[in-house]
Amino acid sequence: MYASNLARIVPQNCKLSKPRERSQRYSRTCPQGGRRAHQSLRVYATAGVNRQWILKKRPEGSVHTGDLELTDAPIPTPGDGEVLVRNTYVSIDPTHRIWMSDMPQYMPCVELGEVMRAITVGVVEESNFDGLEKGDIVGGLGNCQDYYVSEGAGLDKKTTSVPVQDHLNVFGVVIGLTAFYGTMKICQPKAGETFVVTGAAGAVGSLAGQLAKMAGARVIGAVGSQEKADYITKELGFDGAINYKTDDLDEKLKELAPDGVDCFFDNTAGPMLEAVLLQLNNNSRIALCGLINQYNTDKVGVKNYDMLLMRRVTLRGFICLDHIEYFGEALEMLGAGVAEGKIKYKTDVQEGLPNYIDVVNMLFDGSNDGKLVLKV
């Protein structure tokens with residue numbers, strides 16, 4: 001049904017390019033509303049200046065003022081085969097907290113003195129690359145700054161048929177591909193099975209749950225408030241919700257999954273992981289997507305680890321960038337779900353590059369409402 005419209009959504013390529021140089025809410029179903037992060041700094045760029053967030057020290061716990069510094073730099077000039085891009089939206093993701101640290105991770109950490117890493121979408125301001133023109137919308141590893149220069153061949157040209165910020169949400173690699181791969185390639189839910197997802201009201205978790213519903217599974221989501229519980233059950237169609245802040249996790253999970261758990265898409269680790277381990281069925285599958293419960297704290301061991309053996313569980317950690325070859329397939333399924341009304345999503349747009357620190361911390365206090373992006 002959706003194949004004839006796929007060209008409107010699938011990007012021309014999927015590569016993420018590293019730069020050469022160092023609120024308002026949007027919802028698919030609820031476009032109205034407004035909320036903004038604290039705005040005490042200069043919000044808009046001065047002509048001829050490239051504002052950059054520089055990592056000054058490794059955060060301890062939450063990200064604080066002083067861990068990063070907003071500085072002014074000259075706007076770079078593109079060379080042969082390069083383009084100058086003006087960032088319009090910065091994707092705010094839990095992995096930012098990982099990149100700020102020097103812990104072992106899936107790609108090199110951001111070094112002290114470097115521009116803070118981020119995936120962005122922006123507008124081509126100047127092009128010396130035949131495949132891109134001024135005014136084109138592109139995605140890449142543009143970092144937390146106003147402008148960057150990149151090789152044109154490494155940028156991802158975006159369609160204008162969907163709102164620009166949605167290229168950092170359901171139609172983007174970090175959100176769309178992550179939800180698709182963890183759900184459909186690792187968990188592989190089947191009709192009648194029980195699928196549990198943590199961070200269920202978030203960008204990845206909400207998509208994962210809806211994909212599992214499309215596959216015929218019974219879906220239970222773990223969230224941190226009654227408002228989010230109502231959202232995933234009443235608007236997204238989840239079969240049940242667990243409030244990890246107020247519910248007895250073991251008892252609630254037994255109530256909602258009396259026949260056990262077959263698939264677990266984990267974005268958080270912590271107590272929910274320990275509770276789910278006790279309820280797993282034989283030959284169940286776990287997609288380990290995130291550990292947001294531990295990003296700002298000391299690492300702790302996992303209780304009930306023995307159940308991985310007792311229930312012959314397959315647990316697989318994954319990073320979306322390792323599976324770019326599935327992006328087209330992911331967009332096909334996600335696009336069809338959106339077109340048919342089976343997939344709903346929210347984009348929480350916060351305003352002003354200077355508010356980056358406040359906005360990043362929204363990920364960890366749960367105050368964001370959907371996929372969090374920062375409008376530069």
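With the first letter of the sequence shown counted as 1, position 196 gets the number 196 in the UniProt record's numbering; the numbers rise by one all the way through.
Yeah, the Cβ is synthetic: ideal placement off N, Cα and C, and Gly gets one too.
Residue i versus residue j: straight-line alpha-carbon distance, rounded
i, j, result
"R316", "V124", "38 Å"
"V162", "T194", "33 Å"
"C144", "M362", "17 Å"
"G370", "A217", "23 Å"
"V173", "N50", "26 Å"
"G154", "Y106", "20 Å"
"T160", "I137", "8 Å"
"L167", "I242", "The sequence shown places His at residue 167, not Leu. Rounded to whole angstroms, H167 to I242 spans 30 Å at the Cα level."
"residue 380", "K158", "Here the chain has residues from 1 to 376 only, and residue 380 is not among them."
"Q226", "E251", "17 Å"
"D93", "E329", "23 Å"
"G221", "Q210", "10 Å"
"L249", "G290", "19 Å"
"V121", "G366", "24 Å"
"Q52", "C187", "39 Å"
"M184", "G142", "29 Å"
"V313", "I286", "7 Å"
"A229", "D102", "35 Å"
"K245", "N355", "28 Å"
"E151", "F129", "8 Å"
"E235", "Y326", "28 Å"
"P189", "D156", "31 Å"
"P76", "L132", "18 Å"
Under the three-state DSSP convention, the category residue i falls into
i, result
"R8", "With a pLDDT of 35 at R8, under the threshold of 50, the modelled position of this residue cannot be trusted; read the value that follows with caution. Three-state result, R8: helix."
"T95", "helix"
"F264", "strand"
"P354", "helix"
"F195", "strand"
"Y148", "strand"
"D369", "coil"
"E274", "helix"
"V165", "Going by the sequence as given, residue 165 is Gln instead of Val. Looking at Q165 - three-state DSSP - the assignment turns out to be helix."
"T77", "coil"
"V115", "strand"
"M333", "helix"
"I242", "strand"
"I54", "strand"
"D322", "helix"
"Y181", "helix"
"K234", "helix"
Counted within 10 angstroms of its Cβ, other Cβ atoms place residue i as buried (16 or more) or exposed
i, result
"G66", "exposed"
"V302", "exposed"
"H64", "exposed"
"Y89", "buried"
"E82", "buried"
"L207", "buried"
"Y305", "exposed"
"L112", "exposed"
"N282", "exposed"
"L84", "buried"
"M310", "exposed"
"T178", "buried"
"K344", "buried"
"D322", "exposed"
Close Cβ partners of residue i (< 7 Å) along its chain, the five nearest in sequence each way excluded
i, result
"G237", "K213"
"N368", "D348, M362"
"residue 383", "Missing from the structure shown is residue 383; the chain here goes from 1 to 376 and no further."
"T198", "G205, A222, D266, N267, T268, M272"
"V376", "N87, T88, Y89, V90, D146, L353"
"Q165", "Y26, Y89, T347, V349, V373"
Boundaries (first-last residue) of the beta strand (DSSP E) holding residue i
i, result
"Q350", "346 to 351"
"A287", "280 to 288"
"D72", "68 to 74"
"G221", "218 to 223"
"G139", "137 to 140"
Same chain, Cβ closer than 6 Å to residue i, neighbours up to 5 away in sequence not counted
i, result
"E69", "I54, K56"
"residue 377", "The first residue shown for the chain is 1 and the last is 376, placing residue 377 beyond what the model contains."
"P59", "D67, M100"
"A201", "V223, K228, Y231, I232"
"L256", "I220, G240"
"A73", "N50, Q52"
"H96", "V360"
Run of the alpha helix (DSSP H) containing residue i, from where it starts to where it stops
i, result
"G209", "203 to 214"
"D230", "226 to 230"
"E126", "Where E126 is concerned, there is no enclosing alpha helix (DSSP H), although the beta strand (DSSP E) it sits in stretches over 120 to 127."
"L309", "307 to 310"
"L315", "Not the alpha helix (DSSP H): L315 falls in the beta strand (DSSP E), residues 314 to 317."
"E251", "249 to 256"
Residues near residue i by beta carbon distance below 8 Å, same chain, minus five either side
i, result
"M307", "L277, L278, L280, V313"
"L337", "Rather than Leu, the amino acid found at residue 337 in this sequence is Gly. Hits under 8 Å: Q210, L211, M214, I343."
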